[in-house]
Amino acid sequence: MIPAALAATLVAALVLAPLGAVILRAGGVSALTPSDLDALIFTLWQAALSAGLSCALAIPLARALHRRRFPGRGAFIALLGAPFLLPTIVAVMGLLAILGRRGVVNGLLAGLGLPEFSLYGAQGVVVAHIFLNLPLAARMLLQGWQAIPAERLRLALALGLPPAAQARHLERPMLRAVLPGAFLAIFLVCVSSFAVALTLGGGPRASTIEVAIYQAFRFDADLGRAATLSLVQIALALAALGAAARLTLPSSFGAGLDRAAPAALAPDRWHRIKDGATLTLAAAFLLAPLLAIALRGITEIPALPASVWRAAANSLMLALGATVLTLTLALPLSLAAPRARWAEPVAMLPMTASALVLGTGLFLIVRPWLAPTSLALPVTLLVNATLTLPFALRLLLPEVRSLQADYDRLAASLGLSGLARLRLLTLPRLARPLGFSAGIAAAFSMGDLGAITLFSDGRSQTLPLALYSLMGSYRMEAAAGAACLLMALTFGLYALFDRIGAHADPR
Amino acid sequence: MKKTLMLAGCLVAANTAFAADKPVLTVYAPDYFTSEWGPGPAIEAGFEAQCGCDLRFVAGDVLPRILLEGEATEADVAIGLNTDVSARARASGLFAPHGEDLSRLTMPVTWEDETFLPFDWSEVAFVYDRTRLATPPRSFAELLDAPADAYKIAIQDPRASTSGLALLLWVKHIYGDKAGEAWAKLAPKVLTVTQDWSQSYGLFTDGEADMVLSFTTSPAYHLIAEGDDTKVAAIFPEGHYFYAELAAQLKGSKHPELAQAFMDYILSDDFQGMIATANWSYPVIEKPGFLPEGFAALPRPQTSYFYPEAEAEALRGPALEEWRANFGK
Numbered sequence: 055m056i057p058a059a060l061a062a063t064l065v066a067a068l069v070l071a072p073l074g075a076v077i078l079r080a081g082g083v084s085a086l087t088p089s090d091l092d093a094l095i096f097t098l099w100q101a102a103l104s105a106g107l108s109c110a111l112a113i114p115l116a117r118a119l120h121r122r123r124f125p126g127r128g129a130f131i132a133l134l135g136a137p138f139l140l141p142t143i144v145a146v147m148g149l150l151a152i153l154g155r156r157g158v159v160n161g162l163l164a165g166l167g168l169p170e171f172s173l174y175g176a177q178g179v180v181v182a183h184i185f186l187n188l189p190l191a192a193r194m195l196l197q198g199w200q201a202i203p204a205e206r207l208r209l210a211l212a213l214g215l216p217p218a219a220q221a222r223h224l225e226r227p228m229l230r231a232v233l234p235g236a237f238l239a240i241f242l243v244c245v246s247s248f249a250v251a252l253t254l255g256g257g258p259r260a261s262t263i264e265v266a267i268y269q270a271f272r273f274d275a276d277l278g279r280a281a282t283l284s285l286v287q288i289a290l291a292l293a294a295l296g297a298a299a300r301l302t303l304p305s306s307f308g309a310g311l312d313r314a315a316p317a318a319l320a321p322d323r324w325h326r327i328k329d330g331a332t333l334t335l336a337a338a339f340l341l342a343p344l345l346a347i348a349l350r351g352i353t354e355i356p357a358l359p360a361s362v363w364r365a366a367a368n369s370l371m372l373a374l375g376a377t378v379l380t381l382t383l384a385l386p387l388s389l390a391a392p393r394a395r396w397a398e399p400v401a402m403l404p405m406t407a408s409a410l411v412l413g414t415g416l417f418l419i420v421r422p423w424l425a426p427t428s429l430a431l432p433v434t435l436l437v438n439a440t441l442t443l444p445f446a447l448r449l450l451l452p453e454v455r456s457l458q459a460d461y462d463r464l465a466a467s468l469g470l471s472g473l474a475r476l477r478l479l480t481l482p483r484l485a486r487p488l489g490f491s492a493g494i495a496a497a498f499s500m501g502d503l504g505a506i507t508l509f510s511d512g513r514s515q516t517l518p519l520a521l522y523s524l525m526g527s528y529r530m531e532a533a534a535g536a537a538c539l540l541m542a543l544t545f546g547l548y549a550l551f552d553r554i555g556a557h558a559d560p561r
Numbered sequence: 044m045k046k047t048l049m050l051a052g053c054l055v056a057a058n059t060a061f062a063a064d065k066p067v068l069t070v071y072a073p074d075y076f077t078s079e080w081g082p083g084p085a086i087e088a089g090f091e092a093q094c095g096c097d098l099r100f101v102a103g104d105v106l107p108r109i110l111l112e113g114e115a116t117e118a119d120v121a122i123g124l125n126t127d128v129s130a131r132a133r134a135s136g137l138f139a140p141h142g143e144d145l146s147r148l149t150m151p152v153t154w155e156d157e158t159f160l161p162f163d164w165s166e167v168a169f170v171y172d173r174t175r176l177a178t179p180p181r182s183f184a185e186l187l188d189a190p191a192d193a194y195k196i197a198i199q200d201p202r203a204s205t206s207g208l209a210l211l212l213w214v215k216h217i218y219g220d221k222a223g224e225a226w227a228k229l230a231p232k233v234l235t236v237t238q239d240w241s242q243s244y245g246l247f248t249d250g251e252a253d254m255v256l257s258f259t260t261s262p263a264y265h266l267i268a269e270g271d272d273t274k275v276a277a278i279f280p281e282g283h284y285f286y287a288e289l290a291a292q293l294k295g296s297k298h299p300e301l302a303q304a305f306m307d308y309i310l311s312d313d314f315q316g317m318i319a320t321a322n323w324s325y326p327v328i329e330k331p332g333f334l335p336e337g338f339a340a341l342p343r344p345q346t347s348y349f350y351p352e353a354e355a356e357a358l359r360g361p362a363l364e365e366w367r368a369n370f371g372k
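Heads up: the sequence lines are chains D and S, in that order. Everything in the first sequence is counted per our numbering, starting at 55 for the first residue and increasing by one. Everything in the second sequence is counted per our numbering, starting at 44 for the first residue and increasing by one.
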């Protein structure tokens, strides 16, 4: 409990102290403008719609992935992580190559004499958010499926339960346990959406709160309004968290004997065709944009200047450091969360912390004592780890809950506690979500745009910043190469950690 | 491995010791400035060759950082500020006069600012690819009156980008009280509004957008760096909005004479002669040979205009509201 309390204090301080510093500096909070309220309304409905559709589409996808075995299934599941982890600017590039005006789909539509599909406007924002977040939801649900003990599935097979009854006895309890958390995570990601909303939104109506914060900071120099908007975001996060907690029910499948899950849950032809179609469509929608980025950029990679490679090395180091730090914070918090009511809200707090407010507040706090540039590395690591923490927690929490429900009594009767319990029980049972969390932390840190630019000394560039510099100086071809490199490294790191986790899982 | 590390350590130490002999001039600059594709490296080399000092760029958000740091800022000079933030920068009282003779400037607008010194300039313009767009607009009026499907334009958000703000003021300057109507006419032809210039420009080079809000000098990059003459800036008879990048020295500089030397350097032939291809814009003092051949031959607008700072500040809020209200997307 002590490590958890320490981690919680650190995280809470890291989110709230900068906000406090900004409010102090501004001399209080100021009122919102009418356009801020418009932004709030747009933010809410697009986030709800994006999260709802992502989750709804993830249910058949996760089901199909769980009950089918096919060559390349492991690779496909791993690749599912990619869209969510891509830096948004790269993801948008890929999406445009497929769904844009000159994209493949509109080429086909025009060939068939059908009207053009527009990726711009509110529908573009929602489609992009589904592209980014559907895979996350599917992964979370798949983990839910995998956490159902094989014995339950075998029993269902032995009883000859038809799919409808399987849904009632297996899928629905699992969804009640996992889905609210998945919806919450995606809802909050979409609440703080910035680049996607701006690039595809198509105009002032499609502004999110994060855009309003940016404007308050950069153009109006109105720290007070930025702080108010930031408070609104945090209040939103806490409200959503409360709602999700009410809707979540523990699945109570009980412990199993860790035998391999049977594959053929719905062996009849109709379900095979349905699952096959689901998987094909999902693969096309999620993987084609990635392929487009790779095809466009891969030939440019050998010609990338040395500075881009140096930036890539910097980003890799940052990513590894942030990964270690994320797990150090996430593990104690998630282990404490089922018993301590404060742990989960605290760990979710960073989700809606605006990076801009965070960076400015930290700068104001640090500045009187130390040269901010001397703290560039630790601050970037800490902020990256904090911002990833909510995702790690969401992934770990369902498994921690069932771990404690299933093994607490056994562990207590064996007198297993402390480090031995951690080594023999906790870490092996949590290996899969830990690996996944580590992968996400590393990937997020790779894609970090240097939100903390106030601390940068401008000497050690990261790969996303190098990508932006290339675009900013007309070098769009080289930028495509850098985007491809960024995608490969981001995904490579993520896949590596994910594999390590899967490998260390005794099941 | 250990040996290499030790060697590297010695080298770093030697380097700092070497640099410590010289005074350090700290220049805050935007991120794009200091990358190897920005003008930073050439400026650093050029100035260090004559100042007997160490020019150190600190890249990042220039003005927000200085405003947060206040009097205690380490910056001696700030470079890469835009005309839209100069009012806020001036109000802080942190900047000192540049002391340069402004009559030497050859820009199309008169510049009288004694604190903020322009180092390059351009005008905002719509850029298109002449192989993809057969009938480009010949005037702003033609652009507004074109049918909705004539072309799709990528522009930048006036709340987040300086070029976007320049467009806002451009429309305001031409259409005044009718600016709202102009936006309503432009809106159907706008593909999307991006956060910054580079995203818009990426959409244009990818072929997503037929036209992009950029600069009259953008074709120069394609022409000179890529040997590609298909990118053209549409020059409108209504005139274009002027856009300058600025530098200023700080009152609290620890090396005021070096800071002043840097301001002098900005107007030197050395700096002005290389800025055109280093930052793809016009030098503020143009002399023969400062622009490569094709660059010098680019078409230029008949008229350029520019709102004085106070007027631009006063217009910004209402013009933004007008944009929001009429840009019905």
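Just so it is clear, CB atoms sit at the ideal spot from N, CA and C, and this is done for glycine as well. Every value quoted in this text rests on a predicted model; they were computed, and no experiment measured them.
_Comparing C-alpha positions only, which one of Phe-370(S), Leu-98(S), Leu-210(S) and Ile-196(S) sits nearest to Asp-284(S)?_
For the purposes of this step, residue 284(S) is taken as the residue at position 241 of the second sequence. Strictly speaking, residue 284(S) in this sequence is Tyr, with Asp absent from that position. When only C-alpha atoms are compared, the closest one is Leu-210(S).
*Val-158(D), DSSP secondary structure in three states*: On the first sequence, residue 158(D) is found 104 positions in, with the first residue counted as 1. In this structure, Val-158(D) counts as helix in the three-state DSSP scheme.
*By Cβ distance, which residues of its chain are closer than 8 Å to Gly-415(D), with the 5 residues on each side in sequence left out?*
Looking up residue 415(D) in the first sequence gives position 361. Within the same chain, Ala-71, Pro-72, Leu-73, Gly-74, Ala-75 and Val-76 come within 8 Å of Gly-415(D) by CB-CB distance, once the 5 residues on both sides are set aside.
*Taking DSSP as the reference, what is the three-state secondary structure of Glu-288(S)?*
Translated into positions along the second sequence, residue 288(S) becomes position 245. Strand at Glu-288(S).
*Entirely enclosed beta strand (DSSP E) segments - the segment 95 to 136 of chain S, minimum 3 residues*: The qualifying runs are 97 to 102 and 120 to 125.
*Just checking my contact of Leu-615(D) with Ala-116(D) at CB under 8 Å: how many whole Å lie between their CB atoms?*
Lying outside 55 to 561, the shown extent of chain D, residue 615(D) is not represented and no answer is given.
_Stretch-stretch touch, CB-based, cutoff 8 Å, three pairs: the segment 354 to 370 of chain D with the segment 137 to 154 of chain D_ = In this structure the segment 354 to 370 of chain D does not lie against the segment 137 to 154 of chain D, because fewer than three pairs of beta carbons, one per stretch, are closer than 8 Å.
*Which partner residues of Ile-198(S) appear in the DSSP bridge assignment?*
As a working note, residue 198(S) is residue 155 in the second sequence. DSSP links Ile-198(S) through a beta bridge to Val-236(S).
*Smallest Cα separation from Ser-601(D): which of Leu-256(S), Thr-259(S) and Thr-235(S)?*
Beyond the ends of chain D as shown, which are 55 and 561, falls residue 601(D); an answer cannot be given.
*Name, going along the chain, the residues of the segment 72 to 87 of chain S whose beta-carbon falls closer than 8 Å to a beta-carbon of chain D.*
Along the segment 72 to 87 of chain S, the positions whose C-beta sits under 8 Å from a C-beta of chain D are Ala-72, Asp-74, Tyr-75, Thr-77, Ser-78, Glu-79, Trp-80 and Gly-81, read in chain order.
*For Val-146(D), which residues from the same chain have a beta carbon less than 8 Å from its beta carbon, with the 5 sequence-adjacent residues on both sides left out?*
Taking the first residue of the first sequence as position 1, residue 146(D) is located at position 92. Its chain contains Ala-182, Ala-249, Val-250, Thr-253 and Leu-254 as the residues whose beta carbon lies nearer than 8 Å to that of Val-146(D), once the 5 sequence neighbours on both sides are disregarded; these appear in chain order.
*Do you know offhand how far Ala-357(S)'s Cα is from Leu-106(S)'s?*
Working through the second sequence from its first residue, we reach residue 357(S) at position 314. Working through the second sequence from its first residue, we reach residue 106(S) at position 63. Using only the alpha carbons, I get a separation of about 20 Å.
_Closer than 7 Å to chain D by CB, Gly-270(S)_ = Your numbering for residue 270(S) matches position 227 in the second sequence. No, its Cβ sits nowhere closer than 7 Å to a Cβ of chain D.
*Determine the extent of the beta strand (DSSP E) in which Ser-172(D) is found, giving its start and end residues.*
Here residue 172(D) corresponds to residue number 118 of the first sequence, with the count starting at 1. Premise fails: Ser-172(D) is in no beta strand (DSSP E) and is neither H nor E.
*In whole angstroms, what is the alpha-carbon distance linking Phe-130(D) and Ala-337(D)?*
What you label residue 130(D) is simply residue 76 of the first sequence in a count that begins at 1. What you label residue 337(D) is simply residue 283 of the first sequence in a count that begins at 1. Those two C-alpha atoms are separated by around 8 Å.
*In three-state DSSP terms, what is Lys-564(D)?*
One cannot answer for residue 564(D) here, as it falls past the ends of chain D, which runs 55 to 561.
*Taking 7 Å as the CB-CB limit, is Phe-285(S) close to chain A?*
The structure shown contains no chain A; its protein chains are D and S.
*Pro-560(D) versus Leu-481(D): straight-line alpha-carbon distance, rounded*: Counting from 1 along the first sequence, the entry for residue 560(D) is found at position 506. Counting from 1 along the first sequence, the entry for residue 481(D) is found at position 427. Distance between the alpha carbons of Pro-560(D) and Leu-481(D) is about 10 Å.
*Extent of the continuous beta strand (DSSP E) to which Glu-166(S) belongs*: Looking up residue 166(S) in the second sequence gives position 123. Its beta strand (DSSP E) spans residues 160 to 172.
*Under 7 Å Cβ to Cβ from Gly-95(S), same chain only, skipping five residues before and after it: list those, please.*
Translated into positions along the second sequence, residue 95(S) becomes position 52. Only Lys-65 meet the Cβ criterion.
*In angstroms with no decimal places, state the Cα-to-Cα distance between Asn-322(S) and Ala-201(D).*
Translated into positions along the second sequence, residue 322(S) becomes position 279. Translated into positions along the first sequence, residue 201(D) becomes position 147. Between Asn-322(S) and Ala-201(D), the C-alpha separation is close to 57 Å.
*Look up Met-254(S) in the DSSP assignment and give the residues it is bridged to.*
By one-based count along the second sequence, residue 254(S) stands at place 211. Answer is Tyr-171(S) and Ile-196(S).
*Any C-beta of chain D sitting closer than 7 Å to the C-beta of Ser-129(S)?*
The residue you call residue 129(S) lines up with position 86 of the second sequence. For Ser-129(S), the answer is no, since every Cβ of chain D falls outside 7 Å of its Cβ.
*Can Val-158(D) and Ile-152(D) be called in contact, C-beta distance under 7 Å?*
Locating residue 158(D) in the first sequence gives position 104, counting from the first residue. Locating residue 152(D) in the first sequence gives position 98, counting from the first residue. Their beta carbons are under 7 Å apart, which means Val-158(D) touches Ile-152(D) by this criterion.
*Along the segment 517 to 548 of chain D, what residues have a CB closer than 8 Å to any CB found in chain S?*
Against chain S - using a Cβ distance shorter than 8 Å - the residues of the segment 517 to 548 of chain D are Leu-519, Ala-520, Tyr-522, Ser-523, Leu-524, Met-525, Gly-526, Ser-527, Tyr-528, Arg-529, Met-530 and Ala-533.
*Report all residues from its chain with a CB closer than 7 Å to the CB of Ala-176(D); omit the five preceding and five following residues, and keep chain order.*
The residue labelled residue 176(D) in the question sits at position 122 within the first sequence. The answer, listed in chain order, is Gln-100 and Ala-260.
*Does Gln-287(D) have its Cβ less than 7 Å from a Cβ in chain S?*
As a working note, residue 287(D) is residue 233 in the first sequence. It does not: the Cβ of Gln-287(D) has no partner Cβ on chain S nearer than 7 Å.
*Going along chain D, which residues have a C-beta under 8 Å from Gly-245(S)?*
As a first step, residue 245(S) is located in the second sequence; it is residue number 202 there, counting from the start. Correct list: Met-147, Met-525, Met-530 and Ala-533.
*Throw me the rounded Cβ distance for the Ala-492(D) and Phe-551(D) pair, which I believe falls under 8 Å.*
By 1-based counting over the first sequence, the position of residue 492(D) is 438. By 1-based counting over the first sequence, the position of residue 551(D) is 497. About 4 Å; that satisfies the 8 Å criterion.
*Going along chain S, which residues have a C-beta under 8 Å from Gly-165(D)?*
In the first sequence, residue 165(D) corresponds to position 111, counting from 1. Within chain S, no residue comes near Gly-165(D); the closest Cβ sits about 17 Å away, beyond 8 Å.
*Give the DSSP-derived three-state secondary structure of Pro-140(S) in the structure shown.*
To locate residue 140(S), count along the second sequence from 1; it is residue 97. Of the three classes helix, strand and coil, the one that applies to Pro-140(S) here is coil, per DSSP.
*asked:* Does Ser-471(D) pass the burial test, meaning 16 or more other C-beta atoms within 10 Å, or should it be called exposed?
replied: Counting from one through the first sequence, the residue named residue 471(D) turns up at place 417. Flag for Ser-471(D) reads exposed.
*Output the distance between the C-alpha atoms of Leu-436(D) and Arg-475(D), rounded to the nearest integer angstrom.*
Along the first sequence, one-based indexing puts residue 436(D) at 382. Along the first sequence, one-based indexing puts residue 475(D) at 421. Whole-angstrom Cα-Cα distance: 28 Å.
*If you run the structure through DSSP and keep just helix, strand and coil, what is Ser-296(S)?*
Here residue 296(S) refers to the residue found at position 253 of the second sequence. Note: Ser-296(S) maps to coil in three-state DSSP.
*asked:* Using only the alpha-carbon positions, how far apart do Gly-89(S) and Trp-226(S) sit?
replied: Position 46 of the second sequence holds residue 89(S). Position 183 of the second sequence holds residue 226(S). In this structure, the alpha-carbon of Gly-89(S) lies about 44 Å from that of Trp-226(S).
*DSSP puts Tyr-348(S) in a beta bridge; with which residues?*
Counting from 1 along the second sequence, the entry for residue 348(S) is found at position 305. Per DSSP, Tyr-284(S).
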